[in-house]
Amino acid sequence: MKKLDLKDFTIYFEGEIYNTNIYTFKNEFELLEDFYLKYSFDFVSKLDGNFAFCIYDKIKNLYFCSRDRFGNIPLYYYIKNEIFIFSTSIKDILKELSITPKMNKLALSKYIQYFSTFGEDTFYNDIYKLEEASYLIFEPKKELTKKRYYKINTYKAINDESIALNDLEKLLFSAIEKRLKSSPSTLLSGGVDSSLISSIYTKLSGKKIDTFSIGYSQYKNYCELSYARIASNHINSNHHEVIINKKQYLDSFYSSLEFFDEPHGDSAAIPLNFLLKNVKDFGVNSLLSGEGADELFLGYDNYAKFLKYHNFEKSLSKEQNSFLDEIISALQNNTKESEFFRRVVKKQNIYNSFGEIFNDIQKRKLFVKVPTFKNETPKKDFIDNMSYIDLKLWVSNPVLSKVYKVSNINSLQIHTPFLDNDIVKYIFSIESQLKMGDTNKYLLKKIAQKHIPNEIINRVKKGFNSPFNEWLQEEFGNSILETILEVNKQTQFFNENYLKHIFTLASSNKFKQHLYSLFVFSLWYKKIYL
């Protein structure tokens, strides 16, 4: 974090505030000082940007810390025996401590289920993460104050498609314009989101922009370079393809384990790290990326599927539900569908997140004793709820923490225009059935028709995937299981037979994300505690 020492304050800041110019301030430090003096703590709700900051008030002897609405930049803090340490990096906090804190088992439970920790928990006891859209106030000998300064409003005001499309297109142009840089560049996967951003960015900048894509030397089924080329040709960008092979992937795998503060289950971090290393070589400092579009515009096929489960639940009479409850145990097997059906019958939250890895039944098989935590209270509108849950549990945690760490280690800034304050506010004001439409990403695809080729819009959706399981299995083989079992022998967290079962499944390319999360955790634990 950058630091500015003033007479009455010391201000620590990282990120960018997009509406600094509107208030005629030269920089973020001037804005933070002025707003804090005028409006006290609640000024944070006026900010538009991606940021984490802390203001030390020398007069009042208090620390005021906050993060942006969606958690683009992390802020961790240690608090114990009146000692308060904060940083955007857990490693920096650990350097200040005489001993490494014990591991937080609750964080492990969250990570195993959802790719990363979320909420306040980190993998270390007494080290916490300030939640997105929140602030804290620390004063010695007083109780710590924490407040959420922003919540998504789901009040519906828009039910006309033409109005929604017109407004959203304007908001998207505005969001990208806020983030314009002198060297315009984008990450271009060849999907609707990144292609649309790249097209609008080209029109706004009036320049030939640089676009960057990654492909694989083997397992070309994971490769999307052909679609990225179509998008690049359409906007006439300076297009750069980065091809990663197995050795380069493994080198990047090892280095990524070093710069993450905690275990992180998103395997996409590895190719992203390799891609950004190459981006830096072109003299690029800032990029646009498409995070948040799938969650806001309902881009995952799962959304339509889960809506069917929800509607099925609503259609059941008490007698039908009671009958299904009697026979559900006999129907259970190891598929996702059987788990979703069980949730319907048992009246549990049907949708937990796009980023759910181990479900409840699998966790009970995995853990000797499951560390439990409270799930999110679902919103009444099921479609809103899926979108909201994914913004909170998926985007604000594994996705944005990955983007921050990987871009930061490569001295780059990645901006996410779909997560613009005004876009998020507007999208939740649109009637849910209108958002859902008759295809995934219905409204965004309608807008995209003006800007990108139909080949991109109508293509089958493919997430940012890689041959991570194939390459790790080829390189490490049985030593993956040996590492997991070695750590488990010390910790006794997991049931050994189920660990072996997961490894067997992953060897045939099933449950590969389950194994990856366990392997990454075990490597981290071995390094920190053994």
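Numbering follows the numbering used here, with no gaps: position 249 of the sequence shown is 246.
Heads up, the beta-carbon is just placed ideally off N, CA and C, and yes, glycines get one too.
{"Check": "Three or more C-beta pairs below 8 Å linking the stretch 385 to 395 and the stretch 250 to 260", "Outcome": "no"}
{"Check": "Close beta carbons around Leu133, own chain, < 7 Å, minus the five adjacent residues each side", "Outcome": "Cys62, Leu127, Leu141, Thr142 and Lys143"}
{"Check": "Simplified DSSP state of Asp207, which is helix, strand or coil", "Outcome": "strand"}
{"Check": "Range covered by the alpha helix (DSSP H) that runs through Ser326", "Outcome": "Lys315 to Leu328"}
{"Check": "Residue from Met(-2), Glu117 and Thr151 whose Cα sits closest to the Cα of Glu428", "Outcome": "Thr151"}
{"Check": "Buried versus exposed, by CB contacts within 10 Å (16 or more), Phe209", "Outcome": "buried"}
{"Check": "For Asp248, the three-state DSSP class (helix, strand or coil)", "Outcome": "helix"}
{"Check": "Whether Leu285 touches Ile173 by CB criterion (9 Å)", "Outcome": "yes"}
{"Check": "Boundaries of the alpha helix (DSSP H) in which Ile160 is found, first to last residue", "Outcome": "Glu158 to Lys175"}
{"Check": "Asp190: first and last residue of the uninterrupted beta strand (DSSP E) it sits in", "Outcome": "Looking at the DSSP string, Asp190 is not in any beta strand (DSSP E); the run it does join, the alpha helix (DSSP H), is Val189 to Ser202."}
{"Check": "Outcome for Tyr73 when other beta-carbon atoms lying within 10 angstroms are tallied against a minimum of 16", "Outcome": "buried"}
{"Check": "Within 9 Å, strictly: CB atoms of Leu441 and Glu158", "Outcome": "no"}
{"Check": "Integer Cβ distance of Ile240 from Tyr213, believed to fall under 8 Å", "Outcome": "7 Å"}
{"Check": "Beta-carbon gap between Gly68 and Leu397 smaller than 9 Å", "Outcome": "yes"}
{"Check": "From Glu336, Phe355 and His307, residue whose alpha carbon lies closest to that of Leu512", "Outcome": "Phe355"}
{"Check": "Distance between Val189 and Lys438 (C-alpha atoms, nearest Å)", "Outcome": "9 Å"}
{"Check": "Limits of the alpha helix (DSSP H) - the one that Thr501 falls within", "Outcome": "Glu493 to Ser504"}
{"Check": "Segment contact, 8 Å Cβ cut-off, at least three pairs: the stretch 465 to 480 with the stretch 226 to 233", "Outcome": "no"}
{"Check": "Through-space distance from Ser463 to Ser504, alpha-carbon basis", "Outcome": "16 Å"}
{"Check": "For His237, the first and last residue of its enclosing beta strand (DSSP E)", "Outcome": "Asn235 to Ile241"}
{"Check": "Other residues of its chain near Leu321: CB distance less than 6 Å, five sequence neighbours each side excluded", "Outcome": "Val342"}
{"Check": "Length of the line joining the Cα atoms of Pro375 and Glu129", "Outcome": "19 Å"}
{"Check": "Sheet register partners of Lys509 (DSSP bridge)", "Outcome": "The partner list for Lys509 (beta bridge, DSSP) is empty, contrary to what the question assumes."}
{"Check": "8 Å contact criterion, which Ile444 and Leu162 should meet: CB distance rounded", "Outcome": "6 Å"}
{"Check": "Outcome for Leu137 when other beta-carbon atoms lying within 10 angstroms are tallied against a minimum of 16", "Outcome": "At residue 137 the sequence reads Pro, which differs from the Leu that was named. Per the 10 Å Cβ criterion, exposed."}
{"Check": "Strand pairing of Met100, partner residues [DSSP]", "Outcome": "Tyr121"}
{"Check": "Buried or exposed by the 16-neighbour rule on C-beta atoms within 10 Å, applied to Ser186", "Outcome": "buried"}
{"Check": "CA nearest to the CA of Ser171, picked from Lys148, Ile197, Asn455 and Asp381", "Outcome": "Ile197"}
{"Check": "Contacts around Ser426, its chain only, beta-carbon distance under 7 Å, and the 5 residues preceding and following it disregarded", "Outcome": "Tyr152, Lys153, Ala154 and Ile155"}
{"Check": "Sequence ranges, beta strand (DSSP E) only - wholly within the stretch 420 to 476, length at least 3", "Outcome": "none"}
{"Check": "Burial state of Phe351, where buried means 16 or more other Cβ atoms lie within 10 Å", "Outcome": "buried"}
{"Check": "Asp207, buried or exposed, once every other Cβ within 10 Å from all chains shown has been counted against 16", "Outcome": "buried"}
{"Check": "C-alpha distance - Ile117 paired with Phe250, whole-angstrom precision", "Outcome": "Looking at the sequence shown, residue 117 is not Ile but Glu. When rounded, the distance between both Cα atoms is 27 Å."}
{"Check": "Under 9 Å between C-beta atoms of Leu254 and Ile211", "Outcome": "no"}
{"Check": "Cα-Cα separation, Glu334 to Leu293", "Outcome": "24 Å"}
{"Check": "Close Cβ partners of Phe579 (< 7 Å) along its chain, the five nearest in sequence each way excluded", "Outcome": "For residue 579 there is no data in the structure shown, the boundaries of the chain being -2 and 527."}
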